[in-house]
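Residue numbers (the numbering used here), protein chains in the order written: chain A, 1 to 347; chain B, 348 to 694; chain C, 695 to 1041; chain D, 1042 to 1388.
Just so you know, even glycine gets a beta-carbon here, dropped at the ideal spot from N, CA and C.
There are 4 protein chains.
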Amino acid sequence: MITVGIVGATGYTGVELLRLLAPRQDVEIAVVTSRELCGTAVSKRFPNLRGHIDLDFVAPDAEAVGACDVVFFATPHAVAMDSVGALIEAGVRVIDLSADFRIQDVGLWERWYNTTHSCPDLIATAVYGLPEVNRKQIQSAQLIAVPGCYPTAIQLGFLPLLQQQLVDCSRLIADAKSGVSGAGRKAVEDYLLCEATESIRAYAMSGHRHHPEITQGLSQYAEAAVGLTFVPHLTPMIRGILATLYAPVKTGTEVSIEQLQSIFEDRYKGEPFVEVLPQGELPATRDVKASNNCTISVNYYADTDTIVVLAAIDNLVKGASGQAIQNMNIMFQLEETAGLEAIALLP
Amino acid sequence: MITVGIVGATGYTGVELLRLLAPRQDVEIAVVTSRELCGTAVSKRFPNLRGHIDLDFVAPDAEAVGACDVVFFATPHAVAMDSVGALIEAGVRVIDLSADFRIQDVGLWERWYNTTHSCPDLIATAVYGLPEVNRKQIQSAQLIAVPGCYPTAIQLGFLPLLQQQLVDCSRLIADAKSGVSGAGRKAVEDYLLCEATESIRAYAMSGHRHHPEITQGLSQYAEAAVGLTFVPHLTPMIRGILATLYAPVKTGTEVSIEQLQSIFEDRYKGEPFVEVLPQGELPATRDVKASNNCTISVNYYADTDTIVVLAAIDNLVKGASGQAIQNMNIMFQLEETAGLEAIALLP
Amino acid sequence: MITVGIVGATGYTGVELLRLLAPRQDVEIAVVTSRELCGTAVSKRFPNLRGHIDLDFVAPDAEAVGACDVVFFATPHAVAMDSVGALIEAGVRVIDLSADFRIQDVGLWERWYNTTHSCPDLIATAVYGLPEVNRKQIQSAQLIAVPGCYPTAIQLGFLPLLQQQLVDCSRLIADAKSGVSGAGRKAVEDYLLCEATESIRAYAMSGHRHHPEITQGLSQYAEAAVGLTFVPHLTPMIRGILATLYAPVKTGTEVSIEQLQSIFEDRYKGEPFVEVLPQGELPATRDVKASNNCTISVNYYADTDTIVVLAAIDNLVKGASGQAIQNMNIMFQLEETAGLEAIALLP
Amino acid sequence: MITVGIVGATGYTGVELLRLLAPRQDVEIAVVTSRELCGTAVSKRFPNLRGHIDLDFVAPDAEAVGACDVVFFATPHAVAMDSVGALIEAGVRVIDLSADFRIQDVGLWERWYNTTHSCPDLIATAVYGLPEVNRKQIQSAQLIAVPGCYPTAIQLGFLPLLQQQLVDCSRLIADAKSGVSGAGRKAVEDYLLCEATESIRAYAMSGHRHHPEITQGLSQYAEAAVGLTFVPHLTPMIRGILATLYAPVKTGTEVSIEQLQSIFEDRYKGEPFVEVLPQGELPATRDVKASNNCTISVNYYADTDTIVVLAAIDNLVKGASGQAIQNMNIMFQLEETAGLEAIALLP
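1) So with Cβ pairs under 9 Å, would you call B:A543 a contact of chain D?
2) How many whole angstroms separate the CB atoms of C:I747 and C:L712, which I take to be in contact at a CB cut-off of 8 Å?
3) Which partner residues of A:I95 appear in the DSSP bridge assignment?
4) Please classify C:R805: is it buried, with 16 or more other beta-carbons within 10 angstroms of its beta-carbon, or exposed?
5) Report the residue from C:V778, C:E826, C:F766 whose alpha carbon sits nearest the alpha carbon of C:L816.
6) Under 7 Å, CB to CB, which of the residues in the region 1219–1230 of chain D have a partner in chain B?
7) Should B:K665 go down as buried or exposed, given a rule of 16 or more other Cβ atoms within 10 Å for buried?
8) Kindly confirm or deny that the region 882–901 of chain C and the region 1320–1329 of chain D touch, where touching means at least three C-beta pairs closer than 8 Å.
9) Going by DSSP, which residues form a beta bridge with C:V1003?
10) Considering Cα atoms alone, identify which of A:E223, A:T152, A:I95 is closest to A:T75.
11) Buried or exposed: B:P625, going by 16 or more other Cβ atoms within 10 Å of its Cβ?
12) In three-state terms, what does DSSP make of D:F1305?
13) Do you know how far the Cα of D:G1220 is from the Cα of D:D1352?
14) Between which two residues does the alpha helix (DSSP H) holding A:V274 run?
15) Considering only the beta carbon of each residue, do C:F924 and C:A835 sit closer than 9 Å?
16) Considering only C-alpha positions, which residue in the set B:M428, B:V573, B:T591 is nearest to B:P579?
17) According to DSSP, is A:G51 helix, strand or coil?
18) In whole angstroms, what separates the C-alpha of A:Y300 from that of A:S262?
19) Residues of the region 1350–1372 of chain D with a CB closer than 9 Å to any CB of chain C: list them in chain order, please.
20) Output needed for D:G1225: all residues of its chain with C-beta closer than 7 Å, excluding positions within five of it in sequence on either side, in chain order.
21) Based on DSSP bridge pairs, tell me the residues matched to D:Y1169.
22) Could you tell me the alpha carbon to alpha carbon distance between D:A1063 and D:Q1367, rounded to whole angstroms?
23) Below 9 Å between beta carbons: does that hold for A:A342 and A:A302?
24) Confirm, please, whether the CB-CB distance from A:L159 to A:Y246 is below 9 Å.
25) Considering only their Cβ atoms, is the gap separating D:G1258 from D:L1149 smaller than 9 Å?
26) Looking only at DSSP bridge pairs, what is B:I690 linked to?
27) Can you find the residues in the same chain that come closer than 7 Å, C-beta to C-beta, to C:A1067, ignoring five residues on each side of it along the sequence?
28) Here's a check: name, in chain order, each residue in its chain whose Cβ is nearer than 7 Å to the Cβ of D:N1370, leaving out the five neighbours to either side.
29) How many angstroms separate the CA atom of B:A691 from the CA atom of B:G587?
30) Beta carbons nearer than 9 Å to chain A: which residues of the region 610–637 of chain B have them?
31) Could you name the residues of the region 235–259 of chain A whose beta carbon sits closer than 9 Å to any beta carbon of chain C, in the order they occur along the chain?
32) DSSP three-state label for D:L1078, please.
33) Let's see if you can read the secondary structure: which residues bound the beta strand (DSSP E) around B:V351?
34) Please list the residues of the region 1196–1218 of chain D that have a C-beta atom closer than 9 Å to any C-beta atom in chain C, keeping them in chain order.
35) Starting from C:K871 and walking both ways along the beta strand (DSSP E), at which residues does that stretch end?
36) If the cut is a Cβ gap below 7 Å, which residues of chain C does B:L692 touch?
If you want it as structure tokens, here you go:
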């Protein structure tokens, strides 16, 4: 039995962790914290959990947190960094869903997040929790930085192309479409139903915080600096990310769709949560709703010598809480798919 | 008073023509045809028109059609081509919202539409009804080919860049997001609410029929062959197209955002329905809902030396029926904005 | 030319007033106020108004307000009451979209709104702006209390039954479904897209502030006290109210559907914005979207001797800003339908 | 290991059965039929099942069907009745999700369904599969008629009131709101996204086929004939039914909200899938999305002496496939909640 704590569990990644962990026999949710809702029943905040979670929110500094085997941080950025050090010293393993430990270059992180990092030393010890890349390191990690939602879809989509050195990495394009739950459960005017439904728009054209995280990963896979134009779009739906990825084929390189299909299938063979679709089938975000899957389609436009990859995930599952649990399973030598086998909800 | 006929008015572009034309004092809707609903009240099909249109659908071969000053075809492709010849001979001006006269290369049209064109001679006489490009020719045209919805947004977005020879036209990318009304009012499973809402997906990856129409226009503006990767996406909303356009700056050319902004503002100065947004503002499809506007934002990514243009329209208005009426206004020397001044519906 | 001021125009009823008034030749929007956005361009807040309204928000106490012919209050409750007195004294006519002057019984108002009314004397002078009932009094009114959205649909639906004394008024039921825009443009968690879409729920079961307003009207039409069970529901859409109204036929009374249909048609004959549907047709909120229409269907269940009336409106138009303008038209001896003829947007 | 067949599995109740059954260790899905898609992979029709179901659709008359322990019919009405007899004779237990065996009065069924029943003798042997009422009979049933979606929500909501003889059953009202998936996956114009989203409307005012099924149940619980006004509404969302139920208190009877709350809590104590909410909390369909729960709130309006019950279910789970599986669990002496413990998906 693994005892689990969840810090800052009042948002959508919090409830999703609880939804996925509560039914498990091998996990005990010991403590759920919220500074704001301290003393309130968790199921009062999340009626779907009534009868499944019989806990009240407690203050985040509760001793109980330090007694867990593993603690998930479902907090905004710049919160986890203040608590993680003590927990790790106490032997607790930490899985951080926020951005605090995702970027290895502290200065870069501090510029994008406009904050001084309070425990820069720990960053180097953190493992970037993308199992398809870092499975081995995750096993023994004390501290996991769970990838962001856009970074998950975009990295998984570009990865095989970059590792095979097929494309000109100076002009990659990621046109990504996200459901509104990516913005969290914050009372912000822009995300009101009347503002966000029946409309689509791009945002963060001057720079999105996921940009340095994505390029850090892509550069590593390409073993070279990459140039990425990243345009996120707010899409009128609750869940889902679809990343439409454009990569020009490297000058002098010839590719065929059969070869591309093989490269993707080979790269992801055996991966429990990445599915390369047969040629001609295209991912829709609905096909992964509420599941931990990432579905990918690779396409080739001969006219423009451009490869187009489509990658779909549920931003709250493979893009956040599901992936966090996948990391936990690996860290604790459990079946990697434990608690994550649920089939996508259709319709 | 201009007498108007509408052929095939049972779909969304049909009802939109009626909605926009019915309140006008200078237009008389004389005849509305539908083979299928012949004899049914128009307002039975479209309850929003009750009290505004007091006509029954008649058969499309009705003599009344030939007595109109102008006839709109809101039919599927390969229908208008069979009737336009006779109408024009009878002195009727024709505005075709379908694809029959959009592509000048007959062979190309026949391949994409998998049909033999029944009046290829008329194609050369047709004017492509994009007023921002062909205003003069529209004035005297007998036959207008109204641009498709994607082509309108994509051409207006790329136009200034191509005319200024700023970008490498061999690798243009158009990532376009369309509401479901673009698929028309056809009882097709894919467009059921339960199939299309709460999800986004790309489609037509192997080629969309708007592709040759778009490249025909772009090549003309660039005065060179263009290579375009075009990926349309089905977006969970009724109305709207957002085109996110990516163009690599031509090697050896330097651009600045101020210069780009000026180029766009200069190109569209005085255009009643194209609005170049101030730097930092981005279009959302909701801001043009039910209006004939196209809003455009130009952006520059120095890191990748890539220009990103965003263009938003209502696919049923500027992308179809509104633009058709804009053409009619020009053809009949009316105020170009007549009947099209309505402010977008927000929220 | 009527000069118009709008106080508190940052919400949905504000932008709707502006959308409907801006295109008019006979109206000049002289001043638009907002304490919060003072100094900001109106079109910055509402991008749909760019090019249509070239004003900045000013402070609500601006002198310009007092110089208008008519001032609309699009404020939350308990705001207008502090300013209306001075305006009326200055000869300005006032149309209040808030609840401040809707309820004649001051004590009742104060209990429901939990506030002391600051100008109780003016209440008696206010005319309840439901033109279908009070057209004559509206003509000469200095102060109009525009009915609430639910009250408009529910009163128009029940009115003919009550005036004809056909039903047992002690057990009326109004099951009403409203789009989310009824909650206004407030950054409240409950109205986030992720909270409100893909779900329906009842709310305010312990009492909704529109309840006393509705029963005040119904009692007047019935010339007797009425008992009303009113259950509002938050419906996952932007605009629209559908009221499903249940009334038991009075004991000893016999009714037929033909008779009911006639009663409704007679009552609303000549009303420009109330449409009694033919037997067998049912209203959908989409059929009145963005229009000032109220569509009504009357039905009879012989088995349970119950009459069921369905009434649909756009809550922001006939349920608020459209009706406010209808009042203005009547007050200023303009065509009652001026600026309100727009056809509903479908789809 | 229970071997299962599913007949007619191409619609939403079919895929939902598969989603819920596929992960189970104690169930083997042996055969999935479709006349139309015979030979197609099930996962081609339902991409969410890829990797979970490795079967092709077969013809419905396949021998394999007769070899199953239990067969689910997810067919339109008037299909199961032709096959059930032979299956039962072969010792197969049958769970019919269609309407063929729900109504005991054959003549009544034939009038509403406008069809001659092909095996009227079997009707009397069928058990109405509402476990909260018929748990014992279900255990030994050979043939289960799974209740319809509206009937499930409405009966569970009214049941305690009727059994306690608290209300005047001659004037019950059920105002029910259903998501569009209740209409099935049929290519019908009315259920297109562009027709059904952003709108609400009542339908079937002249009589809905669930009406006789509901009154059959209610009359049984009341031990008296009931009069029910039932108005279903098409609500712009995929899943969910909210039933708002109105019942006048019987003359001479006094009720209090505390007493009502107790009655409901007592009636459903121990029921695994019915949850009576605490006073003051109200059900939203989102809180039961994708779960087998029915949440109920009871309310009392003293002014009109009317009880208002709210009941929410997911129409595809507790309203169809989940309830069918709950029946299977009971029939085969499995844990009643097996495979149905999933927590509702929020958001």
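Taking the coordinates as given:
1) For B:A543, the answer is yes, since a Cβ of chain D falls inside 9 Å of its Cβ.
2) Your pair C:I747 and C:L712 checks out as a contact, with CB atoms roughly 6 Å apart and the cut at 8 Å.
3) A:F72, A:I144
4) exposed
5) C:V778
6) V1221, S1222, R1226, A1228, V1229, E1230
7) It counts as buried.
8) Yes, the region 882–901 of chain C touches the region 1320–1329 of chain D.
9) C:L939, C:V992
10) A:I95
11) exposed
12) helix
13) A small correction: the amino acid at residue 1352 of chain D is Ala; Asp does not occupy that position in the sequence shown. So the alpha carbons of these two residues sit roughly 14 Å apart.
14) Premise fails: A:V274 lies in the beta strand (DSSP E), 274–276, not in any alpha helix (DSSP H).
15) Judged by beta-carbon spacing, C:A835 lies beyond the 9 Å limit of C:F924, meaning their Cβ atoms are not closer than that value.
16) B:T591
17) The three-state secondary structure of A:G51, taken from DSSP, is coil.
18) 13 Å
19) L1351, A1353
20) G1052, Y1053
21) D:A1186
22) 15 Å
23) no
24) no
25) The Cβ atoms of D:L1149 and D:G1258 do not sit closer than 9 Å to each other.
26) DSSP output for B:I690 lists no bridge partner at all.
27) An answer regarding residue 1067 of chain C cannot be provided, because it is not within the stretch 695 to 1041 covered by chain C.
28) E1376, E1377, A1379
29) 12 Å
30) G627, L629, P630, A631, T632, R633, D634, K636
31) P236, M237, I238, R239
32) Looking at D:L1078 - three-state DSSP - the assignment turns out to be coil, as it is neither helix nor strand.
33) 349–354
34) S1211, R1212, L1213, I1214, D1216, K1218
35) That run of the beta strand (DSSP E) goes 866–872.
36) A984, L1039
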